[in-house]
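Undergrad: Each number in this note's numbering comes from the position in the sequence shown (counting from 1) with 11 added on. We treat Cβ as the ideally placed atom computed from N, Cα and C, and that holds for glycine. Values in this document were obtained by computation on a predicted structure and should not be read as measured data. I have a structure here, written as structure tokens, and I will follow up with some questions on it.
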Amino acid sequence: MTYLDFAATVPMLPEVIKAMHEAETKFFANASALHTPGHLAMNQIEHTRELLAQLINADPEEIIFTSGASESNNTVMRTFEGCQIETSPLEHHSVIEAARILKGDSLPKLYSYMLANNETGEILDFYKSKEDCYFHSDLTQALGKIPVDVKKLGLDYATFSAHKIGGPIGVGALYIKKGVPFKPLIIGGNQENKRRGGTYNTVGIIGFGAALEHVLKNKTWEKYDTKVRELRDLLAKRILGEIPGSSLNTDLTPKKSLPNILNVSFRAAEGESIQLYLDAEGVIVSTGSACAAGDIKPSHVLMAKTGDAEVAHSSIRFSFDLSNTIQDVDRVMEVLPGVVDRLQKMSTIPFDSSQ
Ligand code: PMP
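In structure tokens:
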């Protein structure tokens, strides 16, 4: 299988699986309990908190654990219920939908701008527009791929998810700068200093910690910047050169996009059909964001960027990680031109591939 859907989820790293497996028997206790097994579990949780704090340049007390980026995003939006909330049009649905339902017109104001988009990899220039407001950024896709420093970015809140860096699905974190407004989403427990109720997911948080250790130890953002960027750019170049009607939705200029995401549209070929044909050949890609799969509406991100439903409907996202090699690019290019050609020939949209 050629897996190129790492932006949807990264398989758990071997060291994550090992750490979680050991934790099942070693750190089984309720981490809030006052007995020794409870303390041992809590120490592990605090270790993960310190690792994330180190990676993003925060204080450990400024971090709470959640069930994932969707919960972290919802928690921030809920804190600003009834207030003015402005989001970029490229946000994940867990920001856009929550903001749509919760926003009002009272003061203060929240801006929510992701640092890097999950569908096109675009890096947003958001920090230039911030004044007189609280500022949240969804850093889910950025963590581990590019340097992330919450202080340099001037953030009040930031969202993270473990499964995008090789940790387990169902674990996330929220950075909450000291002194900013905060309302817990899950009420009814003293955990996380009353900021998030619910028994600690010790094993999951330990897995998150192992993934963070991997990121810190390997400085993965440096490797993405060279090795992964090279593969991504090579695939882009080959697609443009070898497939008629192809156009990039990702700006390959360094600092304009994450190094691991490539979004491409193919004129007169539908994204879902390309994905299914590639799947049958063992090449795994996605159309826009997996969270919207099954949704027949074109991607809101591509619509916001291009305003063209045809471009949005004919898009495919390739997303790499450090395990990919040039053979993966070769494999895509063995099958993709034939798949696109077949679909273009079947299409009702007129398209002359010789032009
Ligand atoms: N925000 C972004 C930018 C994402 O890419 C995702 C995952 N697709 C999420 C939020 C949701 O993450 P989780 O699965 O941890 O809820």
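Near Arg243, which residues of its chain fall below 8 Å by C-beta distance, leaving aside the five closest residues on each side in sequence?
TA: For this step, residue 243 is matched to residue 232 along the sequence shown. Closer than 8 Å at the Cβ level, and outside the excluded window around Arg243, lie Leu263, Pro270, Asn271, Ile272, Leu273, Phe329, Phe331.
Undergrad: State yes or no: is the C-beta of Ala315 nearer than 7 Å to some heavy atom of the ligand PMP?
TA: Start at 1 with the first residue of the sequence shown, and residue 315 comes out as number 304. It does not: the Cβ of Ala315 is nowhere closer than 7 Å to a heavy atom of the ligand PMP.
Undergrad: Buried or exposed: Asp319, going by 16 or more other Cβ atoms within 10 Å of its Cβ?
TA: In the sequence shown, counting from the first residue as 1, residue 319 sits at position 308. With fewer than 16 other Cβ atoms within 10 Å, it is exposed.
Undergrad: So is Phe91 buried or exposed if we call it buried at 16+ other beta carbons inside 10 Å?
TA: To locate residue 91, count along the sequence shown from 1; it is residue 80. Buried: at least 16 other Cβ atoms inside 10 Å.
Undergrad: Give me the DSSP bridge partner(s) of His110.
TA: Translated into the one-based positions of the sequence shown, residue 110 becomes position 99. The sequence given here places Ala at residue 110; His does not occur at that position. According to DSSP, Ala110 bridges with nothing at all.
Undergrad: Per DSSP, what kind of secondary structure is Leu154 in: helix, strand or coil?
TA: Position 143 of the sequence shown, counted from the first residue, corresponds to residue 154. In this structure, Leu154 counts as coil in the three-state DSSP scheme.
Undergrad: Please report how far the alpha carbon of Glu203 lies from the alpha carbon of Ile250, in whole angstroms.
TA: Position 192 of the sequence shown, counted from the start, is the residue given in the question as residue 203. Position 239 of the sequence shown, counted from the start, is the residue given in the question as residue 250. Roughly 48 Å between the two C-alpha positions.
Undergrad: What are the partner residues of Gln95, as DSSP defines its beta bridges?
TA: As a working note, residue 95 is residue 84 in the sequence shown. Gln95 is bridged to Lys120.
Undergrad: Where DSSP assigns a beta bridge to Gly183, which residues make up the other side?
TA: Locating residue 183 in the sequence shown gives position 172, counting from the first residue. Bridge partners of Gly183: Thr77, Ser172.
Undergrad: Ignore the nearest five residues each way along the sequence and tell me which others in Arg240's own chain have a CB closer than 6 Å to its CB.
TA: By one-based count along the sequence shown, residue 240 stands at place 229. Answer for Arg240: Pro270, listed in chain order.
Undergrad: Does the segment 142-160 touch the segment 24-43, meaning 3 or more C-beta pairs lie closer than 8 Å?
TA: Contact fails: fewer than three Cβ-Cβ distances are below 8 Å.
Undergrad: As a quick exercise: from Ala18, Ile96, Thr231, pick the residue whose alpha carbon is nearest that of Asp116.
TA: Counted from its first residue, the sequence shown places residue 116 at position 105. Checking every option, the nearest Cα to that of Asp116 belongs to Ile96.
Undergrad: What's the C-alpha gap between His46 and Ala80?
TA: Within the sequence shown, residue 46 is the residue found at index 35, counting from 1. Within the sequence shown, residue 80 is the residue found at index 69, counting from 1. Each residue's alpha carbon lies about 31 Å from the other.
Undergrad: Starting from the C-beta of Arg206, find all residues in its chain whose C-beta is less than 6 Å away, skip the five residues before and the five after it, and write them out in chain order.
TA: Within the sequence shown, the letter at position 195 stands for residue 206. Taken in chain order, the residues that qualify are Ile75, Pro195.
Undergrad: Just to check my reading of the structure: Asp339 and Leu15 have Cβ atoms closer than 8 Å, yes? What is that Cβ distance to the nearest angstrom?
TA: For the purposes of this step, residue 339 is taken as the residue at position 328 of the sequence shown. For the purposes of this step, residue 15 is taken as the residue at position 4 of the sequence shown. Rounded, the Cβ-Cβ distance is 7 Å, consistent with contact.
Undergrad: Which two residues bound the contiguous alpha helix (DSSP H) that contains His324?
TA: As a working mapping, residue 324 is identified with position 313 in the sequence shown. Note, His324: alpha helix (DSSP H), 320-324.
Undergrad: Using beta-carbon positions only, say whether His225 and Glu57 come within less than 8 Å of one another.
TA: As a working note, residue 225 is residue 214 in the sequence shown. As a working note, residue 57 is residue 46 in the sequence shown. No, they are not a contact pair.
Undergrad: Met88 and Ala69: beta carbons closer than 8 Å?
TA: Within the sequence shown, residue 88 is the residue found at index 77, counting from 1. Within the sequence shown, residue 69 is the residue found at index 58, counting from 1. Cβ distance not < 8 Å, so Met88 and Ala69 don't count as in contact.
Undergrad: Should Gly115 be listed as close to the ligand PMP, given that the test is whether its C-beta is under 7 Å from any heavy atom?
TA: For the purposes of this step, residue 115 is taken as the residue at position 104 of the sequence shown. The answer is no for Gly115.
Undergrad: So is Ile7 buried or exposed if we call it buried at 16+ other beta carbons inside 10 Å?
TA: There is simply no residue 7 to check, as the chain begins at 12 and stops at 366 in what is shown.
Undergrad: Check whether the segment 216-231 touches the segment 171-187, counting contact only when three or more Cβ pairs, one atom from each stretch, lie closer than 8 Å.
TA: The segment 216-231 vs the segment 171-187: in contact.
Undergrad: Using a C-beta cutoff of 8 Å, does Arg342 count as contacting chain D?
TA: The question asks about chain D, but that chain is absent: this structure has only one protein chain.
Undergrad: How about Ile134 and Ser268: do their beta carbons lie closer than 8 Å?
TA: The residue given as residue 134 occupies position 123 in the sequence shown. The residue given as residue 268 occupies position 257 in the sequence shown. Yes.
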